[in-house]
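Chains as they are written, first to last, in numbering that gives the first Met the number 0: chain P, 0 to 153; chain R, 0 to 153. Just so it is clear, CB atoms sit at the ideal spot from N, CA and C, and this is done for glycine as well.
There are 2 protein chains.
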Amino acid sequence: MQLTPIGVIHSPYKERGDAPRQGRLSENEITLEILPEFVAALKDIERCSHLIVLYWGDRANREILQSRTPFSEVLVGVFSSRSPNRPNPIAFCVADLIRQEDNCLIVRGVDALDGSPLLDIKAYAPALDSIPEATNGHIPKSLDEISKGKKRNA
Amino acid sequence: MQLTPIGVIHSPYKERGDAPRQGRLSENEITLEILPEFVAALKDIERCSHLIVLYWGDRANREILQSRTPFSEVLVGVFSSRSPNRPNPIAFCVADLIRQEDNCLIVRGVDALDGSPLLDIKAYAPALDSIPEATNGHIPKSLDEISKGKKRNA
């Protein structure tokens, strides 16, 4: 199972400590530059207000299976959390699409480090993807509480 | 960028035509079997009601860049839609976690074909992932309308 980059992410986050905890906490405009051979796959993308963005966490540690969240001292499995470190570091963000400029998408809500390889983009569809009643013992319910969690250096 | 399978999906969908259009339309219980070496990454997963499940669409066509949705005769880019065919066929579902049985998760809401390689599992967090106000010109607003779209053989 070999991935091919469909593009590259240009972001102001140069190192791990620069990026916000989660994409939804990123206020900056981020550029998703699509390689010329994949531009046809963007047709009519401006009809989507939000996009699922998958990118490769090329600076992640693939050996870590448990870590502490910013919200507790208890170790939890990486499959039970949103740790960037995991066996396949496919990072997931829901991004606001601001506009398309030729082969670039200008988005908000992506926490990628500068230069991260872009893997996939999908239309976000509330009927499929929005589950407001979901509950979760590891991640707070509001963005405000998420932003206040403890900084970790894993 | 090389992926490693973290497990395998056992589902009643044996061929492309068997699977529902989208994971949220799948009523069946599906089993995510995690390989023994990754079981530690499941710690405390039962505190999550919903999971983001990423799997490899091993029967997808990676060359297709535009296709028709079930809802229109207009070609749209695969990055503007939820086509299973795309350059990196990383399929995405939000699953209901029903229960854990040792190294297996029993879930609902996954449309994977039987035997699909499992790539990643993440906690679903409404504060990050639920955007009910998102709009989309290609996919209807309700699951009921989505289920009524035209069957395609791509």
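Where the alpha helix (DSSP H) containing residue i begins and where it ends
{"i": "glutamate 144/R", "result": "142-146"}
For residue j and residue i, believed in contact at Cβ under 8 Å, the rounded distance
{"i": "valine 109/P", "j": "alanine 94/P", "result": "5 Å"}
{"i": "glycine 114/P", "j": "valine 7/P", "result": "6 Å"}
{"i": "tryptophan 55/P", "j": "isoleucine 89/P", "result": "7 Å"}
{"i": "arginine 58/P", "j": "leucine 112/P", "result": "6 Å"}
{"i": "leucine 96/P", "j": "serine 48/P", "result": "6 Å"}
{"i": "isoleucine 145/P", "j": "glutamine 21/P", "result": "6 Å"}
{"i": "valine 106/P", "j": "leucine 31/P", "result": "6 Å"}
{"i": "phenylalanine 91/R", "j": "isoleucine 51/R", "result": "7 Å"}
{"i": "isoleucine 63/R", "j": "proline 86/P", "result": "28 Å between Cβ atoms; not a contact."}
Burial state of residue i (16 or more Cβ within 10 Å)
{"i": "arginine 23/P", "result": "buried"}
{"i": "arginine 15/P", "result": "exposed"}
{"i": "serine 10/R", "result": "buried"}
{"i": "serine 129/R", "result": "buried"}
{"i": "aspartate 119/P", "result": "buried"}
{"i": "alanine 153/P", "result": "Confidence at alanine 153/P is low in this model, with a pLDDT of 48, below 50, so the placement of that residue should be treated as unreliable; the coordinate-derived value is given next. Exposed."}
{"i": "glutamine 1/R", "result": "exposed"}
{"i": "proline 125/R", "result": "buried"}
{"i": "proline 131/R", "result": "exposed"}
{"i": "serine 25/P", "result": "buried"}
{"i": "proline 83/P", "result": "buried"}
{"i": "serine 71/P", "result": "exposed"}
{"i": "threonine 68/R", "result": "buried"}
{"i": "proline 35/R", "result": "exposed"}
{"i": "arginine 61/P", "result": "exposed"}
Simplified DSSP assignment, three categories, for residue i
{"i": "alanine 126/P", "result": "helix"}
{"i": "isoleucine 33/R", "result": "strand"}
{"i": "alanine 153/R", "result": "With a pLDDT of 48 at alanine 153/R, under the threshold of 50, the modelled position of that residue is not reliable, and no figure is offered here."}
{"i": "glycine 6/P", "result": "strand"}
{"i": "isoleucine 63/R", "result": "coil"}
{"i": "arginine 46/R", "result": "helix"}
{"i": "valine 109/R", "result": "coil"}
{"i": "alanine 133/P", "result": "coil"}
{"i": "alanine 40/R", "result": "helix"}
Enclosing beta strand (DSSP E) for residue i [first to last residue]
{"i": "aspartate 101/R", "result": "Aspartate 101/R -> no beta strand (DSSP E), and no H or E assigned at all."}
{"i": "isoleucine 51/P", "result": "49-55"}
{"i": "glycine 76/P", "result": "74-76"}
Residue i at chain B interface by Cβ criterion, 8 Å
{"i": "arginine 98/R", "result": "Looking for chain B here will not work: the only protein chains present are P and R."}
Residue i beta carbon near the ligand ADP (any heavy atom closer than 7 Å)
{"i": "threonine 68/R", "result": "No copy of the ligand ADP appears in this structure; indeed no ligand is present at all."}
Original post:
Does the segment 131-147 of chain P come close enough to the segment 97-106 of chain R that 3 or more CB-CB pairs lie under 8 Å?
Top reply: no
**OP:** Taking 8 Å as the threshold, find out whether the segment 29-47 of chain P comes into contact with the segment 71-88 of chain R through three or more Cβ pairs.
**Re:** yes
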